[in-house]
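Student: One structure, as structure tokens, below. Some questions next.
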Amino acid sequence: MSLVLLANTCSHLQNASKARLGLTSIPSTSLHLRLALALQNAGFLSTVVRGGQAPPPPHLLLNHPTPNNEAAEIEPVTQENVASRRLWLGMKYWNSEPVIEKMQMVSKPTRRIWMDTEGLSTLVLGRQSGYVKGLRRPGECLFVTTDKGVMEARECVEKKIGGMLLCRVY
Numbered sequence: 001m002s003l004v005l006l007a008n009t010c011s012h013l014q015n016a017s018k019a020r021l022g023l024t025s026i027p028s029t030s031l032h033l034r035l036a037l038a039l040q041n042a043g044f045l046s047t048v049v050r051g052g053q054a055p056p057p058p059h060l061l062l063n064h065p066t067p068n069n070e071a072a073e074i075e076p077v078t079q080e081n082v083a084s085r086r087l088w089l090g091m092k093y094w095n096s097e098p099v100i101e102k103m104q105m106v107s108k109p110t111r112r113i114w115m116d117t118e119g120l121s122t123l124v125l126g127r128q129s130g131y132v133k134g135l136r137r138p139g140e141c142l143f144v145t146t147d148k149g150v151m152e153a154r155e156c157v158e159k160k161i162g163g164m165l166l167c168r169v170y
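So, in structure tokens, the structure goes:
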């Protein structure tokens, strides 16, 4: 798991939302896919679509059926093109303001921060736990990678699962 690539992704998504982009792409890795799906479940992204270098057709982004009931032509993954695969993310805006205001890493490549359920519950309640400040802003989410995938911190507390803190988004 490369936290350097994840740090680049966090800054890219923050900059894309400030630039008011409707669609952006990030490299397709398993960690990026799990985080993007967690961001979509939390309401920060509208769509997550795997694709190549070119953006996917609009009907795939809008979850509409394909025109004329034809199968969507998605480029198959081969050994030659696996390195050029991208995740295309639909950015969300509310009242002309970006939903992702700030996205920053909690664990760094040089210092990874792991928490058990007690530490996570302290953070969710808004208090500091170790080096990490609690969740205090409305709508702020903290994403944790666990054995069960990438989850939001409140979900980890409900399921009594600990893990490594990835990033916080508000």
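Per the numbering used here, residue 1 is the first one in the sequence shown, and the count goes up by one each step. Each residue gets a CB set at the ideal place from its N, CA and C atoms; glycine is no exception.
1) Along the chain, where does the beta strand (DSSP E) that runs through Arg-86 open and close?
2) Which ranges would you report for the beta strand (DSSP E) in the stretch 105 to 142 if only whole runs of at least 3 residues count?
3) Following the continuous beta strand (DSSP E) through Glu-152, name the residue where it begins and the one where it ends.
4) Closest to Asp-116 by C-alpha separation, out of Gly-162, Trp-94 and Ala-54, would be which residue?
5) Would you decide whether Ser-25 is buried or exposed? Buried here means 16 or more other CB atoms lie within 10 Å of its CB.
6) Could you name the residues of the same chain whose beta carbon sits closer than 8 Å to that of His-12, not counting the 5 residues immediately before and after it, in chain order?
7) Using 8 Å as the Cβ pair cut-off and three pairs as the minimum, do the stretch 74 to 92 and the stretch 44 to 64 touch?
8) Just curious, the beta strand (DSSP E) that Pro-58 is in, first and last residue?
9) Would you tell me roughly how many angstroms separate the C-alpha atoms of Val-4 and Pro-109, rounded to the nearest one?
10) According to DSSP, is Arg-168 helix, strand or coil?
11) If you draw a straight line from the alpha carbon of Ser-30 to that of Val-77, how long is it in whole angstroms?
12) From which residue to which residue does the beta strand (DSSP E) around Met-50 run?
13) Could you pull the DSSP bridge partners for Glu-97 from this structure?
14) Could you spell out where the beta strand (DSSP E) holding Ile-23 opens and where it closes?
Tutor: In short:
1) Residue mapping note: residue 86 aligns to position 86 of the sequence shown, counting from 1. Element bounds for Arg-86: 86 to 91.
2) none
3) Residue numbering aside, residue 152 sits at position 152 when the sequence shown is read from its first letter. First-last of the beta strand (DSSP E) with Glu-152: 149 to 152.
4) Taking the first residue of the sequence shown as 1, we reach residue 116 at position 116. Nearest option by C-alpha distance: Gly-162.
5) Position 25 of the sequence shown, counting from 1, holds the residue named residue 25. So Ser-25 ends up on the buried side.
6) Here residue 12 corresponds to residue number 12 of the sequence shown, with the count starting at 1. Excluding sequence neighbours, His-12 sits near Thr-24 and Ile-26.
7) yes
8) Position 58 of the sequence shown holds residue 58. Segment 58 to 61 is the alpha helix (DSSP H) holding Pro-58; no beta strand (DSSP E) there.
9) The residue labelled residue 4 in the question sits at position 4 within the sequence shown. The residue labelled residue 109 in the question sits at position 109 within the sequence shown. Distance between the alpha carbons of Val-4 and Pro-109 is about 6 Å.
10) For the purposes of this step, residue 168 is taken as the residue at position 168 of the sequence shown. Here Arg-168 sits in strand by DSSP.
11) Start at 1 with the first residue of the sequence shown, and residue 30 comes out as number 30. Start at 1 with the first residue of the sequence shown, and residue 77 comes out as number 77. Spanning the two alpha carbons is a distance of roughly 14 Å.
12) For the purposes of this step, residue 50 is taken as residue 50 along the sequence shown, with counting starting at 1. Correcting the residue identity first, residue 50 is Arg in this sequence and not Met. Segment 45 to 51, the beta strand (DSSP E) holding Arg-50.
13) Taking the first residue of the sequence shown as position 1, residue 97 is located at position 97. Answer is Trp-94, bridged to Glu-97.
14) Position 23 of the sequence shown, counting from 1, holds the residue named residue 23. The identity of residue 23 in the sequence shown is Leu, whereas the question assumes Ile. Run containing Leu-23: 23 to 27, per the beta strand (DSSP E) assignment.
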